[in-house]
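In order, the protein sequence lines correspond to chains A and B. In terms of the working numbering, the first sequence has 501 at position 501, counting the first letter as 1, and numbering is strictly consecutive. In terms of the working numbering, the second sequence has 1090 at position 90, counting the first letter as 1, and numbering is strictly consecutive. All residues carry an ideal CB built from backbone N, CA and C; glycine is no exception. These numbers were taken from a predicted model, which means no experiment stands behind them. Everything on this sheet refers to the single structure shown next.
There are 2 protein chains.
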Amino acid sequence: MERSRRLADGKVVAADDAVKLLESVLEPGDRLCIEGNNQKHADFLAASLARVSSDQVHGLHIVQSNLALPAHLDVFERGIADRLDFCYSGPQGLRLGRLVAEGRVRVGAIHTYLELYSRYFSDLTPRVSLIAADAADAAGNLYTGENTEDTPAIVEATAFKSGILIAQVNRIVDEVPRVDVPGDWVSYVVEAPKPYYIEPIFTRDPAAITEVQILMAMMVIRGIYQKYGVTRLNHGIGFDTAAIELILPTYAAELGLRGEICQYMSVNPCPTLIPAIESGFVEGIHCAGSELGMERYVANRADVFFIGRDGTMRSNRIFCQLAGHYADLFIGSTLQIDLEGNSSTATLNRITGFGGAPNFGSESRGRRHGSKSWLQAGEEANRGRHMPRGRKLVVQIVETFREGLEPTFVERLDAWELQQSFDLPLPPVMAYGDDITHIVTEEGIANLLLCDDLSEREQAIRGIAGYTPVGLARDRAVVDRLREKGAIAYPEDLGVDKRLANRDLLAARSIKDLVHWSGGLYQPPTRFRNW
Amino acid sequence: MERSRRLADGKVVAADDAVKLLESVLEPGDRLCIEGNNQKHADFLAASLARVSSDQVHGLHIVQSNLALPAHLDVFERGIADRLDFCYSGPQGLRLGRLVAEGRVRVGAIHTYLELYSRYFSDLTPRVSLIAADAADAAGNLYTGENTEDTPAIVEATAFKSGILIAQVNRIVDEVPRVDVPGDWVSYVVEAPKPYYIEPIFTRDPAAITEVQILMAMMVIRGIYQKYGVTRLNHGIGFDTAAIELILPTYAAELGLRGEICQYMSVNPCPTLIPAIESGFVEGIHCAGSELGMERYVANRADVFFIGRDGTMRSNRIFCQLAGHYADLFIGSTLQIDLEGNSSTATLNRITGFGGAPNFGSESRGRRHGSKSWLQAGEEANRGRHMPRGRKLVVQIVETFREGLEPTFVERLDAWELQQSFDLPLPPVMAYGDDITHIVTEEGIANLLLCDDLSEREQAIRGIAGYTPVGLARDRAVVDRLREKGAIAYPEDLGVDKRLANRDLLAARSIKDLVHWSGGLYQPPTRFRNW
Chain A
1 MERSRRLADG KVVAADDAVK LLESVLEPGD RLCIEGNNQK HADFLAASLA
51 RVSSDQVHGL HIVQSNLALP AHLDVFERGI ADRLDFCYSG PQGLRLGRLV
101 AEGRVRVGAI HTYLELYSRY FSDLTPRVSL IAADAADAAG NLYTGENTED
151 TPAIVEATAF KSGILIAQVN RIVDEVPRVD VPGDWVSYVV EAPKPYYIEP
201 IFTRDPAAIT EVQILMAMMV IRGIYQKYGV TRLNHGIGFD TAAIELILPT
251 YAAELGLRGE ICQYMSVNPC PTLIPAIESG FVEGIHCAGS ELGMERYVAN
301 RADVFFIGRD GTMRSNRIFC QLAGHYADLF IGSTLQIDLE GNSSTATLNR
351 ITGFGGAPNF GSESRGRRHG SKSWLQAGEE ANRGRHMPRG RKLVVQIVET
401 FREGLEPTFV ERLDAWELQQ SFDLPLPPVM AYGDDITHIV TEEGIANLLL
451 CDDLSEREQA IRGIAGYTPV GLARDRAVVD RLREKGAIAY PEDLGVDKRL
501 ANRDLLAARS IKDLVHWSGG LYQPPTRFRN W
Chain B
1001 MERSRRLADG KVVAADDAVK LLESVLEPGD RLCIEGNNQK HADFLAASLA
1051 RVSSDQVHGL HIVQSNLALP AHLDVFERGI ADRLDFCYSG PQGLRLGRLV
1101 AEGRVRVGAI HTYLELYSRY FSDLTPRVSL IAADAADAAG NLYTGENTED
1151 TPAIVEATAF KSGILIAQVN RIVDEVPRVD VPGDWVSYVV EAPKPYYIEP
1201 IFTRDPAAIT EVQILMAMMV IRGIYQKYGV TRLNHGIGFD TAAIELILPT
1251 YAAELGLRGE ICQYMSVNPC PTLIPAIESG FVEGIHCAGS ELGMERYVAN
1301 RADVFFIGRD GTMRSNRIFC QLAGHYADLF IGSTLQIDLE GNSSTATLNR
1351 ITGFGGAPNF GSESRGRRHG SKSWLQAGEE ANRGRHMPRG RKLVVQIVET
1401 FREGLEPTFV ERLDAWELQQ SFDLPLPPVM AYGDDITHIV TEEGIANLLL
1451 CDDLSEREQA IRGIAGYTPV GLARDRAVVD RLREKGAIAY PEDLGVDKRL
1501 ANRDLLAARS IKDLVHWSGG LYQPPTRFRN W
């Protein structure tokens, strides 16, 4: 500590001294968190950590959300760290798998975001955390701007358990635009040689939305949003849900559903939401993080988004995850669904982890407050049960075949094999069949709430599984019966006119249209500009 | 806003102007949060609100955790507010019931804490919030000291949705000991005429613990904590769980369980935890709030509690609730349990609400990370199921008869009548039978995980319900069979020697003993001092 103080001018440490700073504050075996989430990464500090002397610093236990950068795995390769508790690995999943197989990484457990944050306040409190912010002043006050994300959880756990908090910042300033983290919680700040890197991962180009996706979106709006009166919800980030967002101002508006559905969302500021916001459909959005290019547009809609007095957004993954968990509905896509409705995005040879989907995509059994949607879904679920209870809607939206003509519906999830290969305690299931209420495909909607037992659930799934082997093996008599009682609904049962399912229904058909809707405030990254 | 600015010297408003300030910032129909939680209340601001002109301010929609003070209901009596969304009403339950019956309060819904906070970030964002803190500086930086509690959730939602945040503080100082809420999030601060009131609600005098409670505590330790290896948990606040805490250093230590069970807790700093902390049983505690008299002791154990650089505790209900939700076990007491295992603390004529128990006492279906306890409980629950899953332990600990010789076990919960009287959408159930895994009475433990169906569950409950009518109506043959397969366990089945169940087993037998264990640092409130 003495040594680290000598490196610092007050709280400010020069970028060139970052490696030395880490060597002086870290003890072998320390628990360490490197901030890494969807938008921002403490990338400079992560790279610095990978360069410390492994004689001095070794055996670290890494507890962090997102393993995304090569440096995150370099620390294991070099023996600086050997234990890992995390949420999500994304592009590093393959390399992580190899390092685990080689015994260089011992994985404690794979978490969803809220679980890992919870353990920061229990048995996995970091002793040292490396975080990222937009700006700091000399007193260590941090400005995280639009991308607050995981910072509050990491900072609070570390700072209040006598830990050391080191922040890399894009710039050191005289006065921060607003204080997101009070300076007296922060140990050191380092101005990084370049700003932390951000990837526009929530941007979907409307030009790539297909008519099949539009058809599914129409079914979702009539068969689920309208039926239950869904007002508070969370959307996944695929093209399927982008299609729903883009037909709210057209299809849903014609059905008279403005002010009736989709008013409050817990999502990142996806550009495809702009037309629904501008046409008064979506009234409030709380975000886990930001999205590149959306800053000015978001700042201009303080009536919809959460904005600080400095005029920029405040995100916070904890509150976004919580609001989504207690919302009326989650809808997202997946890679595989089995005959019980269990779904998984696990791919062989990779350890990808969970992120936030299982939290959004599970029953909120601690919930007690009613809403129209929750109570109505509860009634469907409760048939014959003595003690009534509400129910969250958890919807999977998939095409029956995914890329490469792999069937989405399978007898057995790859997750089982993955469990074997990586010696996991359970197969890595993203959403469990008994948490899922609806599955939507281009063929129709299976309502699992209306299935009396596992065999009916299986047939309801087969009944919407199209020409996949699972779909072809349906029992036609049972499927007809399920359709009669509403456990299966095809477009014609929902009053959905398939002929309308074309791209004219999209409120925006290109990124340029989105810019137009935003009044020029949305500034898409270059890669999305083709004009 | 112009008018309110004129009342303020910078951000500071005189206490005498509090009513005028509220009249100037509030618009009819505004959504308003008055901070009120277990420990601290914005009591001065609540009283000021009750005094505003109802000609100027009326039709407010109150969105707050805890209705505890007469002033909280005066605002409805006076027509200043007419809508309410809340969590818990406690001592005001009876009066609230009357006001609802008279149509002066329209209740939106009754929530658990996390749900209501979630809605602050969705459809129930307050436009004005009245909060309480220990100290403020002229810039509005707030120091919440040990009792941070709900403040971060309220503050973040209000400040970042262009709302107005008014803090009452015990004192205005030149420099706050640490910054808990950054000043630029705060609109106004008012020094209250007297400090906010705190009630020592988590203090249980060991002198009142009975031998029956000690017997139940022994069964919990052998039959549940040891069996599953429970390391992360949440305790309720009754004498039953205090008894468990007080025999950790004696009974559990003799069983060799130090370092094996009860290492990490999410609870308030209950004084009865002191011996377990001092004897090295409990290693880490994160608190939702503080407890009167525990301040110095807690500050001295920065290795166990979360402590700021100013040397006092940092509490935060959100993280404590989350850590408890994702822990391995919750154990708490209740007033009534029915034959399905549904439990309720509802009492006729009162609307008491939920607080945090349903969140702690429900399955965490979004959880994905394994632990010994969670996986082992999952195996018991999964028998015969295709897709394995872990399981949280949710334990109810009750004596078969409660005060007034009312049986705890009933055929039908009073909650059903309450639903009728107050026109609630569902009966107010605290923990649902299918979330509960174990019920512990003085007769034994029912393990609901090992029951194959509802009829077995009913007999397992009857089998530990003693001499209540429910217990007397047991089917002895079924009960014997359930005992054979471990779904019922009596003390002798658990290796619990009933003769040891006496007060000699308590590590502390009085408040004075607790003070002694704490090395004189615990300073109990006067009412608990009888020496």
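Tell me, please, whether the CB atom of residue i is closer than 8 Å to any CB atom in chain B?
{"i": "residue 4 of chain A", "result": "no"}
{"i": "residue 314 of chain A", "result": "yes"}
{"i": "residue 309 of chain A", "result": "yes"}
{"i": "residue 420 of chain A", "result": "no"}
{"i": "residue 340 of chain A", "result": "yes"}
{"i": "residue 112 of chain A", "result": "yes"}
{"i": "residue 156 of chain A", "result": "yes"}
{"i": "residue 24 of chain A", "result": "no"}
{"i": "residue 322 of chain A", "result": "yes"}
{"i": "residue 363 of chain A", "result": "yes"}
{"i": "residue 388 of chain A", "result": "yes"}
{"i": "residue 429 of chain A", "result": "yes"}
{"i": "residue 197 of chain A", "result": "no"}
{"i": "residue 61 of chain A", "result": "no"}
{"i": "residue 115 of chain A", "result": "yes"}
Using a C-beta cutoff of 8 Å, does residue i count as contacting chain A?
{"i": "residue 1438 of chain B", "result": "no"}
{"i": "residue 1294 of chain B", "result": "no"}
{"i": "residue 1107 of chain B", "result": "no"}
{"i": "residue 1358 of chain B", "result": "yes"}
{"i": "residue 1056 of chain B", "result": "no"}
{"i": "residue 1302 of chain B", "result": "yes"}
{"i": "residue 1318 of chain B", "result": "yes"}
{"i": "residue 1433 of chain B", "result": "yes"}
{"i": "residue 1266 of chain B", "result": "yes"}
Considering just the uninterrupted stretch of the alpha helix (DSSP H) at residue i, what are its terminal residues?
{"i": "residue 1019 of chain B", "result": "1018 to 1025"}
{"i": "residue 75 of chain A", "result": "70 to 77"}
{"i": "residue 1320 of chain B", "result": "1317 to 1325"}
{"i": "residue 1146 of chain B", "result": "That residue, residue 1146 of chain B, is in no alpha helix (DSSP H); it is neither H nor E in DSSP."}
{"i": "residue 265 of chain A", "result": "Segment 264 to 266 is the beta strand (DSSP E) holding residue 265 of chain A; no alpha helix (DSSP H) there."}
{"i": "residue 1516 of chain B", "result": "1511 to 1517"}
Spell out the partners DSSP gives residue i in its beta bridges.
{"i": "residue 226 of chain A", "result": "Partner(s): none; residue 226 of chain A has no beta bridge."}
{"i": "residue 495 of chain A", "result": "Per DSSP, none; premise fails for residue 495 of chain A."}
{"i": "residue 1058 of chain B", "result": "Answer is none; residue 1058 of chain B lacks a bridge partner."}
{"i": "residue 1439 of chain B", "result": "B:1396 and B:1446"}
{"i": "residue 168 of chain A", "result": "A:132 and A:190"}
{"i": "residue 106 of chain A", "result": "A:83"}
With residue i as the anchor, note down where its beta strand (DSSP E) starts and where it stops.
{"i": "residue 90 of chain A", "result": "Careful: residue 90 of chain A lies outside any beta strand (DSSP E) and carries neither H nor E."}
{"i": "residue 189 of chain A", "result": "188 to 191"}
{"i": "residue 134 of chain A", "result": "128 to 136"}
Could you tell me whether the Cβ of residue i comes closer than 8 Å to any Cβ of chain E?
{"i": "residue 409 of chain A", "result": "The displayed structure is made up of protein chains A and B, and chain E is not among them."}
Say yes only if the C-beta of residue i is nearer than 7 Å to one or more non-hydrogen atoms of the ligand FMN, and no if none qualify.
{"i": "residue 65 of chain A", "result": "No copy of the ligand FMN appears in this structure; indeed no ligand is present at all."}
**Request:** Report the residues of the segment 443 to 457 of chain A with a CB closer than 9 Å to any CB of chain B, ordered along the chain.
**Result:** 454
- Message: Count Cβ pairs between the segment 1137 to 1157 of chain B and the segment 1175 to 1188 of chain B that sit closer than 8 Å; are there 3 or more?
- Response: yes
| said: Tell me which residues of the segment 168 to 190 of chain A have at least one Cβ-Cβ distance to chain B shorter than 7 Å, keeping chain order. | reply: 178, 179, 182 and 184
Practice item. Name, going along the chain, the residues of the segment 365 to 378 of chain A whose beta-carbon falls closer than 7 Å to a beta-carbon of chain B. Key: 365, 366, 367, 368, 369, 370 and 375
Item checked: Cβ-based contacts, 9 Å cut-off: residues of the segment 121 to 132 of chain A near chain B -> 121, 122, 123 and 125
Using a Cβ-Cβ cut-off of less than 7 Å, list which residues of the segment 1328 to 1353 of chain B approach chain A; keep chain order. 1340 and 1342
| message | Output needed in chain order: residues of the segment 236 to 261 of chain A with a Cβ under 7 Å from some Cβ in chain B. | response | none
Exercise. Three or more beta-carbon pairs under 8 Å between the segment 164 to 174 of chain A and the segment 117 to 136 of chain A, yes or no?
Worked result: yes
Review point. Taking any Cβ of chain A, which residues in the segment 1272 to 1288 of chain B have a Cβ under 7 Å from it, in chain order?
Key: 1284 and 1286
_Tell me which residues of the segment 392 to 416 of chain A have at least one Cβ-Cβ distance to chain B shorter than 8 Å, keeping chain order._
none
At a Cβ cut of 9 Å, what residues of the segment 1035 to 1053 of chain B count as close to chain A, listed as they run along the chain? none
| task | Count the CB pairs spanning the segment 1104 to 1119 of chain B and the segment 1074 to 1085 of chain B that are closer than 8 Å, and state whether there are at least three. | result | yes
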